[in-house]
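Accompanying notes for the structure given below.
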Amino acid sequence: MNNPASTLWKYASPATFYPLAGRLMPLFAWAAVLLSVAGLWIGFFVAPTDAQQGEGYRIIFLHVPASWMSMVIYCAMAFWAAVGLAFNTRLSAMMATALAPTGALFAFLSLLTGSLWGKPMWGAWWVWDARLTSELILLFLYLGFMALQAAIDDPRRADRAGAVLAIVGVVNVPIIYFSVKWWNTLHQGASVSLTRSPSMAQTMLWGMLLMALAFWAYAIAMALARVRNIILERESNADWVKDALE
Amino acid sequence: MLSATHLACSRGERLLFKDLSLSLAPGAWLQVSGTNGAGKTTLLRTLVGLCAPDHGEVCWNGVPITNAAETYQHALLYLGHHAAVKDELTPLENLRLGNELDGLPLADADALAALQRLGLHGRGNLPTRWLSAGQKRRVLLARLLVRPATLWVLDEPFAALDTAAVALVGSLIAAHLAAGGMAILTSHQPVPLPGGAEVVL
Amino acid sequence: MRALFIAMRRDLLLAARRRSEVVTALFFFMVVVTLFPLGIGPEPELLRRVAPGVLWVAALLATLLGLPRLFAADHADGTLEQMLLSPQSFVLLVAGKIAAHWLLCGLPLVLLAPLLGLQFGLDAGALQITVIALLIGTPVLSLIGAVGAALTLGVRGGGALLALLVLPLYIPTLIFGAGAVEAYTAGLGAGPQLSILGALLAITLFFAPWAATVALRIALE
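Residue numbers (the working numbering), protein chains in the order written: chain D, 15 to 260; chain U, 71 to 271; chain Y, 112 to 332.
Here it is in structure tokens:
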């Protein structure tokens, strides 16, 4: 009875997952803090000044990890939503709902940092380059998911409708990215590209990797915290909740 | 032969009923009763397959309805709360279309006869928009006569009908049961049918 | 397949009785297209350049206009439920409804586009490509839009929420549809873009009715 599968299945119940999440959350939060300190230290002090872009390029240590994470979280969200839809497990659906706001935050952060990078470099607050434009569309997809779930009162219908939307979205993301990239190359003349990043020194890659891990740990910590709140809200009639809240 | 075992359903986060089992044999009818909001409509919708239950399953002739959907739907006629008629179409067109969507033929003569039987004389060619709520209900009930089915699931079939119409619908159901059909219904009014089991929620 | 035609004929019959809907989408299309020269100035060269984009954005918005009604009326009077309970394939019935939506909201736009394109100074070749691109692209809009309409059925915020969900998904169709005309005008030939539009149509034809059906079942629970 102690095989991994049955242990995993036990945690699929909100009642058992709630305390587990409570124990794990601080660990990930601390990991996020430590990794960020390390990553930012490398990014702002250790990595060398870029020959072409000077000091301003350092915002790349926030921009690139934020972009990566916004994509990863969308995929994770769609995965949990699909699991919830296929196996009718409530916790999976709650996890998808919990991930969305953090993913949207990273998408927004990516756009913001991209903008801050672009202004000193190319004198414009916004450029219609392929990656920024795709990131903007990804933000719309996140907002759509959150808006749909917020608009539906019945939690079960909200979970399942959101799941369908997330799956449709994740299938469309490559198509959208491909079409935006093509659109960008067609109109190349006018635009500048933020993808022409400085050639990567080893330290720069390490810095970005650490920041990416930091964001990942932060995302997990936030998702765990949020899912605990959702569990309390949804299961508020259950006895274990009444006991836990005393 | 309809059977449901250990059904449990919830609406939102509220559990409506659990561990509910029932079965229905040819010639029998069942009334689902309970207070408003007890879950009567949800039970009916779960039995016809519109909602999936939290637990348990519904079987038609021993096969779960999720596996034998087409067979079950062929034998089933569900009349819910809504009028389920299109205002823009005449009652005649509504009946014909209803059958067409179910893949069944319907001769105009049969449709007109059904409408007449339900008390809608000479209104066959007026858009349903011009009919009263009670008359629209009769158009819906006319489907009982034109859409062949073994199991009738009727949610408040006597609502908005006068005494004569209530007796008429009662006799239609009785005739259906006598011919080997089955019926499940909810009603706030007394049901003019003999015998019958009851499920109270 | 009969189920598809039955559902399609039914929706066309209902629209014929209601009459206002087809005309509304068409007028909206015309008005939106007219707003652009008023907004950006009537300079011919500028208008010729923006024409493909303007026509496509207007087509997107006009299609969006008709989407909430795709399932709402049937849902409200209970006939959608009856279709779900029909022994005939629900996917085919839904596909029939989507086909009717395209015939009522998409095809008229395709037929009107050449006239509006003339107002923007597009030449005969460009107009031809515009029509072909819209002919392939507007069904995609109806199909994707149907999934959105199914997800937001009966939900607060209806039309605006539907737009938020569906417009990002329309972007590839917009890019390749408008891009086809631009490529033609630039002398590069519209072949690749039209092929990709065709591929998009094939994929959505396959998946969208099924996704819409899943969403409708969820909405009808």
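Just so you know, even glycine gets a beta-carbon here, dropped at the ideal spot from N, CA and C.
- Here the stretch 165 to 181 of chain Y makes no contact with the stretch 228 to 248 of chain U; the two share fewer than three CB pairs at distances below 8 Å.
- In this structure, Arg217 (chain U) and Leu147 (chain U) form a Cβ contact; the two beta carbons are roughly 5 Å apart against a cut-off of 8 Å.
- By the criterion of a C-beta distance shorter than 6 Å, Leu264 (chain Y) is surrounded in its chain by Phe182, His186 and Ala330, once the five residues flanking it on both sides are discounted.
- His151 (chain U) counts as exposed, since fewer than 16 other C-beta atoms from the protein chains shown sit within 10 angstroms of its C-beta.
- Neighbours of Ala322 (chain Y) across chain D, judged by C-beta separation under 9 Å: Val178, Ile181 and Val182.
- In the three-state reduction of the DSSP assignment, Ile254 (chain U) falls in the strand class, which pools E and B.
- The C-beta of Pro279 (chain Y) comes closer than 8 Å to at least one C-beta of chain D.
- Think of a sphere of 9 Å around the beta carbon of Ala154 (chain U): the chain Y residues whose beta carbon falls inside it are Asp188, Gly189, Thr190, Glu192 and Gln193, in chain order.
- Nearest neighbour of Arg170 (chain D) by Cα position, chosen from U:Trp99, U:Gly204 and U:Cys121, turns out to be U:Cys121.
- The beta carbons of Pro320 (chain Y) and Ala260 (chain Y) sit no closer together than 8 Å.
- Membership of Gln143 (chain U) in the alpha helix (DSSP H) is indicated by the continuous run Ala139 to Ala145.
- The distance from the Cβ of Leu149 (chain U) to that of Asp232 (chain U) is about 18 Å, inconsistent with a contact at the 8 Å cut-off.
- Using beta-carbon distances, Glu158 (chain U) does not count as an interface residue toward chain D, since no partner is under 8 Å.
- Along the stretch 168 to 182 of chain U, the positions whose C-beta sits under 8 Å from a C-beta of chain Y are Gly168, Glu170, Leu171, Asp172 and Gly173, read in chain order.
- Residue pairing by DSSP places Cys79 (chain U) opposite U:Phe87 in a beta bridge.
- Near chain D, meaning a CB-to-CB distance below 9 Å, the residues of the stretch 76 to 94 of chain U are Ser80, Arg81, Gly82, Glu83, Arg84 and Leu85.
- From the listed residues D:Ala114, D:Ala96, D:Val185 and D:Arg145, the smallest Cα separation to Val241 (chain D) is found for D:Ala114.
- Counting only Cβ-Cβ distances below 8 Å, Glu132 (chain Y) has no contacts in chain U at all, with the closest Cβ about 12 Å away.
- If you draw a straight line from the Cα of Ile243 (chain Y) to the Cα of Gly309 (chain Y), it comes to about 10 Å.
- Taking C-beta atoms as the reference points, Gly158 (chain D) and Leu126 (chain D) fail to come closer than 8 Å.
- Scanning chain D for C-beta atoms nearer than 7 Å to the C-beta of Val258 (chain Y) yields Val182, reported in chain order.
- With 16 or more other Cβ atoms from the protein chains shown falling within 10 Å of its own Cβ, Ile190 (chain D) counts as buried.
- Below the 7 Å Cβ cutoff, chain U contributes Gly82 as neighbours of Asp168 (chain D), in chain order.
- Near chain D, meaning a CB-to-CB distance below 8 Å, the residues of the stretch 279 to 293 of chain Y are Pro279, Leu280, Ile282, Pro283, Ile286, Phe287, Gly290 and Glu293.
- Minimum Cα-Cα distance from Val86 (chain D) among the listed residues D:Leu119, D:Ala175 and D:Arg72 corresponds to D:Leu119.
- Judged by their CB atoms, Leu105 (chain D) and Ala177 (chain D) are not nearer to each other than the 8 Å cut-off.
- Per the C-alpha coordinates, the member of U:Trp200, U:Arg187 and U:Ala219 positioned closest to Val239 (chain U) is U:Arg187.
- When CB distances to chain D are screened at a threshold of 9 Å, not a single residue of the stretch 216 to 246 of chain Y falls below it.
- Under DSSP, the beta-bridge partners assigned to Cys129 (chain U) are U:Ser73 and U:Pro134.
- Of all residues in the stretch 236 to 260 of chain D, only Arg248 and Asn251 place a beta-carbon less than 7 Å from a beta-carbon of chain U.
- In this structure, the straight-line span from the alpha carbon of Asn102 (chain D) to that of Thr30 (chain D) is close to 17 Å.
- Contacts with chain Y at 8 Å (Cβ-Cβ) do not include Leu255 (chain U).
- With a cut-off of 8 Å on Cβ pairs, the stretch 295 to 303 of chain Y is not in contact with the stretch 133 to 148 of chain D, counting fewer than three such pairs.
- The beta carbon of Arg115 (chain U) is closer than 7 Å to those of Cys121 in its chain, skipping five residues each way along the sequence.
- Nearest CB-CB separation between Pro198 (chain Y) and chain U: below the 8 Å threshold.
- The residues Asp157 and Glu158, in chain order, have a CB closer than 8 Å to that of Arg199 (chain U) in the same chain once the five nearest residues on each side in sequence are set aside.
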